[in-house]
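Worksheet: one structure, shown below.
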Amino acid sequence: MMRGFWILLAGATLTSVPALSAQVVNGGFESGDAGWTFNTNDCSATADGVASDGPAFTGANGVGGGSGPHSGATDMWMGAVGCTPSISQTVSTISGQGYELSLWAKVTSAYPTNIPNVFTVMFNSTTLFSGQLTNLAWENGVFNVTGTGTDVITIAANNANGATEVDDVSLTTTPEPSSMALLGTGLFGLIPMVRRRTRK
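Quick note: the sequence shown uses the numbering used here, first residue 1038, plus one each step.
See the structure below:
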């Protein structure tokens, strides 16, 4: 259930510290399939985004199930019948640096009955999420990960007719705890100054 998806994302935090991108190429799929590798996995046909290839229907599409992509003109339609194709991308990171992996996903409203399904998000060999999607509206998944220098983002889906949609995949740095402590100290230091000024 999607509720479990949100529970797994509860560790994400919001900060006002500027985030730096780890350069996910074509994370919004506006350039079609550029930057992403299609993995056939257990599918018998080539996972190249061509609908006529049958069970491996995974590829960039501008329709968005009638409701449109999360942003821009194109998103990634994923899924298959009886197998689980995936897309992956290798990104350069800073070893030991914390990152926030964010993506948007939904079950397309064109095929609302295509549940159960499987949706999996991986960072290298670590599975960040594996379960069912039931949402027909876009929902945001956010995961905290640690860079190793060179890392692989993998997204897999099992769903008939490409009924799982993914959009706006990004990887941004998260501030170190020491940076957050300094930020907090600076903000608290301003409070007495504001109070003194208001008394004059």
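We put the CB at the ideal spot given by N, CA and C, even for glycine. Note that the coordinates shown come from a computational prediction; the quantities given were computed from them, not determined experimentally.
Asked: Between the CA atoms of residue 1118 and residue 1137 - distance to the nearest angstrom; Found: 31 Å
Asked: Contact between the segment 1107 to 1118 and the segment 1196 to 1204 (3+ Cβ pairs under 8 Å); Found: yes
Asked: Residue closest to residue 1169, alpha-carbon to alpha-carbon, out of 1064, 1067 and 1151; Found: 1151
Asked: Whole-number beta carbon distance between residue 1190 and residue 1126, since they are thought to touch under 8 Å; Found: 5 Å
Asked: Cα-Cα separation between residue 1207 and residue 1153, rounded to whole angstroms; Found: 27 Å
Asked: Proximity of residue 1076 and residue 1139 at Cβ, strictly below 8 Å; Found: no
Asked: Contact belief for residue 1141 with residue 1204 at Cβ below 8 Å, rounded distance in angstroms; Found: 5 Å
Asked: Bounding residues of the beta strand (DSSP E) (the contiguous stretch that carries residue 1136); Found: 1135 to 1144
Asked: Cβ shell of residue 1078 (< 8 Å), same chain only, five flanking positions each side left out; Found: 1084, 1120, 1121, 1122, 1123 and 1193
Asked: Element boundaries [beta strand (DSSP E), containing residue 1176]; Found: 1176 to 1183
Asked: Cβ-based burial, residue 1149 [other Cβ within 10 Å; buried from 16]; Found: exposed
Asked: Pair within 8 Å by beta-carbon distance, residue 1178 and residue 1160; Found: no
Asked: Nearest to residue 1144 (by Cα), restricted to the options 1172, 1163 and 1158; Found: 1172
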